Structure formats: C-alpha cells, structure tokens
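According to my numbering, the residues represented by the sequence shown are 23 to 653, in order.
Yeah, the Cβ is synthetic: ideal placement off N, Cα and C, and Gly gets one too.
Note that the structure is a prediction, hence the values are computed from the model and not measured.
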Amino acid sequence: SVFIIYIFLFLIVDLFANNVFGFLSKILPNVFEKVALQNTSFSTRLLNPKISWLSFLKSPWYGHGIHGMQIDRDLIILDQGFAGNVDAATNTSFSLLATFGVFGSLFTIALILGILFCNEEIFSNKILLLIIFLVIINKEPHTNILLTWIFVFFFIKESFDEKIIQKKYPTIEEKFQIKLFLKGGNDTAVLSKNLVGTILIKGMALIISFFSVSVFSKYFNNDHTYGLWLAILSVLSWIMTFDLGLGNGMKNSLIDSFHRGTEEKSKKIIASSYLSSIFIALFLFLIGVVLALSINLNNLFNISEELVSPALLKTVMIITLFGISLEFVLKNISYIFHSLQKQLYAGIFSFISSLLLFIFAFTFKFQNITLQFVILSVIYVIFYNFPYLIGTIYIFKKPLKNIRPKISDFDTKVAKEVMGVGIIFFLMQISLLFLNSTNSILIANIFGSDVVVYFTKYTKLFNVILSLFTVMTLTLWAAIRKAYVNKNQKWIKKMNFYFHLLAVVMVMLCGTIVLFLQPIFNIWLGDATIIVDWVIALVCFASISVRLFTTVSSAISNGLQTLKPQLICLLTGVIIKIPLVFIIKLLFVNVPWYSIIVVDIMCYIPLLVILPIANYRKIKNMSWKEDSVVS
C-alpha cells in the first residue's frame, strides 16, 4: 500500500509539475526556482539522457572513451539543435553507457541489484531508496565522487555477502543442508527477491528479443533464410512441450521432500526424473531424425532448393534437433532451482543463452548460406546447453552433492508418482496452449487474415501486461508449495489476498490504457494507426481482466496442487470453445470478429469461478499427506 502511495504521489507531481514547482519556487526560491523557470540548468538535465543515449547507440559495445564521448556529444548537440539549451554532461547512468558501451551499465545495475536485494523486508522502502539514489546520481555527474562508489559497493556487500547474510539470518545446521535455499530470510523476503529478480531478467530478455530481429536480419542478410531459421526453431521448440509435465511434477515433489528433510526421497525424485527425461528425449530425437530424413523439408518450410539445398536443410534440422533434445534433459536443473525458490537463477540460464547467441550473430558474418546455417546451428547447440550444464555441475558438486542423481537411485514408484502429477500439468499446459493460440486461427478462418491485424493491434499491449504478470506469479507457485508443506496457512492466506490485490492494480492499469488507447495507437502505430472502436476496447479489457485473475488462481492452485478442478475447468473451455464460435455464427447475422474474444471469455469463466473456491477450501482445511499429492 505504501508503494502504491509513492507511485500515486509521483504521478500527481509529474502531471502537475509546472503548478507544483511554481508554488514551491515561491516558498523556497533558492531550491526550486531553477526548475520552475526551466532555464539552461533544467533543460540540461532533461536533454542529457537523450544525448548520451544517441551517443551510446553509435558504439553500443565499447563506447567512445572519455574524450571520444565528449566529442561525439558536442556533435549530437549541434545536430539535434540543442546548442544553447545544454551546458554540461550531468547524467551519470547514460554518460557511462556512452563512454564504455554496455559495460557502462554495470554501475547502475550494481546499484539497482544492491538496493533491491538488500535485507530490508519492506519492499516499498527499497523502491523509495532506489528512486532517491537514481535521481541523485543522474542529477549531477557522480563518476568521480568517491562517496557514491562507496554506497554502491556497500549495498552489493550487504545484499550478496554470505557471512553478512548468515549473521543476520542464522540457520540451524542439518544433515540435509541446501545452502542456496537457506539464504534470504523469511518467506516474504525470499518471494520479494525472486519477484524483483525475475522481472529484471525478463525485462533484459525482452530488450535482447527486441534487438535480435535486426541483428539476425543482418546476419542472414536475406528474409527468406532468416524466416526459415525462425520456422525451424518454432517447429522444434514444440519438443519442449512434450515433457509430459515431468519438470513441473519434479518441482512440486522436490519442494515437498526438501522441506521434510527426506534426503533419500529427493535422490529418487531427481534420478527418476532425469532418467525419464533422457528416455523421452532420446525417443523424440530418433523420431525427429527419421522424419527429417524421410520428408521433403523444403516443401514443408516453403523454401526453394536453389536457395537452401535439401541436404543442408536436413543437416541443420538434425543438429538443432540434437541441441533441443539435449536441452530437454539439462533444463531439469531450472526446475530444481525453482524448487529451491531460486527462480532468479532459473531465469538466468535462458537469458545467458539468448545473450550469447545475440553476441555471436552481432559479431560474426558469413557470406556463404551453408556456413551461416551450419555454424549457427552448432553455436545454438553449445550456447543453449552450456549454461544449463554449468548450473547442473555446480549444484550437484556443492549444494546438492548428497543427492547427486545415480542410475541406482531410479525408482519406478517415484517415477510414476512424479509422472502422475506431471501428466496433469502437461494436460493443463496443452489446454492453455489451445485456448490461447486458437483466437488468431479462428478469426483468420472465419473473418479473413486481414482482421487478425486488428485483433493483434488491440490485444498486443494487454498481452505484454499479462506476460509480465504471469512471470510475477511464477515466483508465487514455489513459495505457496513451500508454505503448504510447512502448514503456514496464515502466510498463504496473506499472499492469496496480496496477489489478488495486485491483479486489481493490473486491471486498473489496463483500464487506464483503454482510456488513452487512441493516443497510444497514434504514437505506437504511426501512419498505420486505427480509430479506436470502444466496444472492441471494452471487450479486450474484459478479457484481460478475467485472464489476470485466473492467472493468480492458477499459480496458487499449482502450489496447493488443487489440480483436478483446474484441469476440469480448462478441458471444459477446450471442449466448448469451437462449438460456441459456430453456434454464435449461426444464430447471429453479421456477427463481429470480436465475438471470438467474447467466446474466449466464456471459456475462462469456469476457471474464474470454480478455482478460487477450490483453493479456498484447500487452504481452509489445510492438511498435507505424502500419499495425497493431487486433489
């Protein structure tokens, strides 16, 4: 609530800045007169981030150096017509980017991570402290101020020094000790760290994804070959879906065994899950190789044999298939980190892989198509598996060395238990995939492919918010499971309330977007903007609101393992969706395309109503038994 108040006050000051600073300048002219008059000093602070950013974009990897940055900065000031409005480089964060390239971001990143991961339990205090420091260091140049660097290293030491954490949060030595898990304080503190860390990783991943389009376009220098590479990854990535829910089943089972201290059970869970994954991956790889060698891949991907030879396409397909099959097994380590409530580490693996591949495509260029594809596919195999491999070696060498998986630890009963939970997760995953991916197909099939463009424009912004919120709730899943095993009913009730309250805040944010949708379209789409149809906007708003609340309920349900009600609701939606679309199409003349979204809302209604009730009953009658894993 305090955090919301901070944001509200910030927005008020921002909206009425001129009036506020004008009033304050009369009370304290020496302090606020410069801001109120908007003189050169004020415009310097406003324009410097843009100038430094433009300079950074010219040399993003290595920067211009200290003197080179100043020369380039002067050229940008003249080119942009800022002469007379800027008199000095006052911004620290962006100036370091322009000077040292991406490495210049380490200063600001260190400050952000140091403050956000410090052991202050009140999250709003950390946000306020972070805002204050960012404003201070970007109001004046701080690169040569020793006190600022002392603060940065102080926060880093307070947040990540193991001795300090151990002193503040002493733990009892047990036979079954997991160092990674013992750090971080109480459940709320751990959840807060995971939440912030996951959002930061996701944000950086989105930035890389955004720039990857142009980087890989230049790497291939041909839209057809670039499109082929994307299509290959899209087809093969479906393999990761067919893990039969082993990863999620292992995650929930490990949370139970970790917190009950059953070391032998944990060894069997990990060994059984890894060996089962190996068998599934090997089976899928062999099937994939047979299909790749027997069918005409050029026809499948609609690429001419003159541009990409059949032999080359089959080679690339098999190499990439091998990499994804290997990832299928090694990715189990991310589920183990989830079970340890270290979602930040789990997210870092895929982020590092994407970053390494991005750097490779940015750095190397090959004129020969064969070299482009073969080398990139080999690099893909290495980069997308190396981080997982390092993580696996580390965790079984140190924190989990006592439960390192061995073939002799495989247990058929445990494998069936994990698979029993996993199959339900798998069916839910497939059901969600069907519900979420069929809207565009149905609209294109019934109303025409051109209408899909309108659908995308209306839903794109809302889907970004939903994706961000989904990432946030992923941290809740493991936390709820841990609290459930520890029978911490009070904490579960509190998190249930807070995350539903957060969903309300997100709904309000979506409502604000609806109010300003026309200017947002004008800025975002430019010449391709459209006139807002408020009926469509409200239907999209209703859809995203339902999805936000069902996302919270699903995360809590996954932690509590109230899976059967969730699966029944999702399967109900899957069964009724397409028949409902055609019934509405038959009953109503000239039905609009957004009726598909209305049907989608109707499919989620059972989940919206029934799942919170099932969760409430499970929390109210909270009791945990090892043999009763799914309710």
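Own chain residues within Cβ distance below 6 Å of residue i, not counting five before or after
{"i": "residue 118", "result": "126, 129"}
{"i": "residue 151", "result": "137"}
{"i": "residue 325", "result": "250"}
{"i": "residue 359", "result": "367, 368"}
{"i": "residue 388", "result": "394"}
{"i": "residue 201", "result": "At residue 201, the pLDDT of 40 sits below 50, so the modelled position is not reliable and the matter cannot be decided from this model."}
{"i": "residue 327", "result": "320"}
{"i": "residue 167", "result": "none"}
Assumed close pair residue i, residue j - CB separation to whole angstroms, cut-off 8 Å
{"i": "residue 361", "j": "residue 273", "result": "5 Å"}
{"i": "residue 447", "j": "residue 271", "result": "6 Å"}
{"i": "residue 174", "j": "residue 136", "result": "6 Å"}
{"i": "residue 497", "j": "residue 216", "result": "4 Å"}
{"i": "residue 376", "j": "residue 230", "result": "5 Å"}
{"i": "residue 440", "j": "residue 579", "result": "Residue 440 to residue 579, Cβ: 18 Å. No contact."}
{"i": "residue 242", "j": "residue 394", "result": "6 Å"}
{"i": "residue 355", "j": "residue 406", "result": "Actually they are not in contact, since the Cβ atoms of residue 355 and residue 406 sit about 13 Å apart, beyond 8 Å."}
{"i": "residue 542", "j": "residue 535", "result": "7 Å"}
{"i": "residue 288", "j": "residue 502", "result": "That pair is no contact at about 20 Å."}
{"i": "residue 83", "j": "residue 124", "result": "6 Å"}
{"i": "residue 577", "j": "residue 363", "result": "That belief does not hold up - the Cβ atoms of residue 577 and residue 363 are roughly 14 Å apart, past 8 Å."}
{"i": "residue 116", "j": "residue 78", "result": "7 Å"}
{"i": "residue 613", "j": "residue 623", "result": "Incorrect: roughly 15 Å between the Cβ atoms, too far for contact."}
{"i": "residue 401", "j": "residue 382", "result": "5 Å"}
{"i": "residue 533", "j": "residue 563", "result": "6 Å"}
{"i": "residue 487", "j": "residue 566", "result": "7 Å"}
{"i": "residue 589", "j": "residue 449", "result": "6 Å"}
Same chain, Cβ closer than 7 Å to residue i, five either side skipped, listed in chain order
{"i": "residue 561", "result": "616, 619, 620"}
{"i": "residue 433", "result": "290, 294"}
{"i": "residue 609", "result": "none"}
{"i": "residue 587", "result": "632, 633, 636"}
{"i": "residue 549", "result": "none"}
{"i": "residue 279", "result": "287, 288, 291"}
Cutoff 8 Å; reference residue i; Cβ partners in own chain excluding five residues on either side
{"i": "residue 473", "result": "465, 466, 615"}
{"i": "residue 220", "result": "365, 366, 369, 493, 494, 496, 497"}
{"i": "residue 176", "result": "136"}
{"i": "residue 429", "result": "293, 297"}
{"i": "residue 93", "result": "86"}
{"i": "residue 637", "result": "518, 575, 578, 579, 582, 584"}
{"i": "residue 223", "result": "366, 369, 370, 373"}
{"i": "residue 100", "result": "none"}
{"i": "residue 29", "result": "With a pLDDT of only 49 at residue 29, under the threshold of 50, the placement of this residue in the model should not be trusted; the figure read from the coordinates follows. Cβ within range, chain order: n/a, list empty."}
Whether residue i touches residue j by CB criterion (8 Å)
{"i": "residue 357", "j": "residue 442", "result": "no"}
{"i": "residue 147", "j": "residue 113", "result": "no"}
{"i": "residue 529", "j": "residue 570", "result": "yes"}
{"i": "residue 572", "j": "residue 483", "result": "no"}
{"i": "residue 553", "j": "residue 479", "result": "no"}
{"i": "residue 336", "j": "residue 315", "result": "yes"}
{"i": "residue 508", "j": "residue 246", "result": "no"}
{"i": "residue 120", "j": "residue 85", "result": "yes"}
{"i": "residue 640", "j": "residue 584", "result": "yes"}
{"i": "residue 345", "j": "residue 396", "result": "no"}
{"i": "residue 342", "j": "residue 258", "result": "yes"}
{"i": "residue 525", "j": "residue 514", "result": "no"}
{"i": "residue 303", "j": "residue 350", "result": "yes"}
{"i": "residue 73", "j": "residue 98", "result": "yes"}
{"i": "residue 457", "j": "residue 591", "result": "no"}
{"i": "residue 599", "j": "residue 392", "result": "no"}
{"i": "residue 444", "j": "residue 267", "result": "yes"}
{"i": "residue 703", "j": "residue 319", "result": "The structure shown does not extend to residue 703, since the chain is modelled only from 23 to 653, so the question has no answer here."}
{"i": "residue 414", "j": "residue 352", "result": "yes"}
Minimum Cβ-Cβ distance from residue i to chain B less than 8 Å
{"i": "residue 81", "result": "No chain B is present in this structure, which holds just one protein chain."}
**Request:** Entirely within the region 535 to 611 and at least 4 residues each: give me those alpha helix (DSSP H) ranges in chain order.
**Result:** 539 to 547, 556 to 582, 585 to 609
**Message:** Please give me, in chain order, every unbroken run of the alpha helix (DSSP H) with length at least 4 that falls completely inside the region 374 to 446.
**Reply:** 391 to 405, 408 to 419
**Asked** Quick one: complete beta strand (DSSP E) runs, 3+ long, within the region 82 to 134?
**Response** none
**Prompt:** Which runs of the alpha helix (DSSP H) spanning at least 4 residues fall entirely within the region 303 to 352, listed in chain order?
**Reply:** 319 to 323, 332 to 352
**Prompt:** Residue ranges of each alpha helix (DSSP H) run of no fewer than 4 residues wholly in the region 226 to 267, ordered along the chain?
**Reply:** 245 to 258
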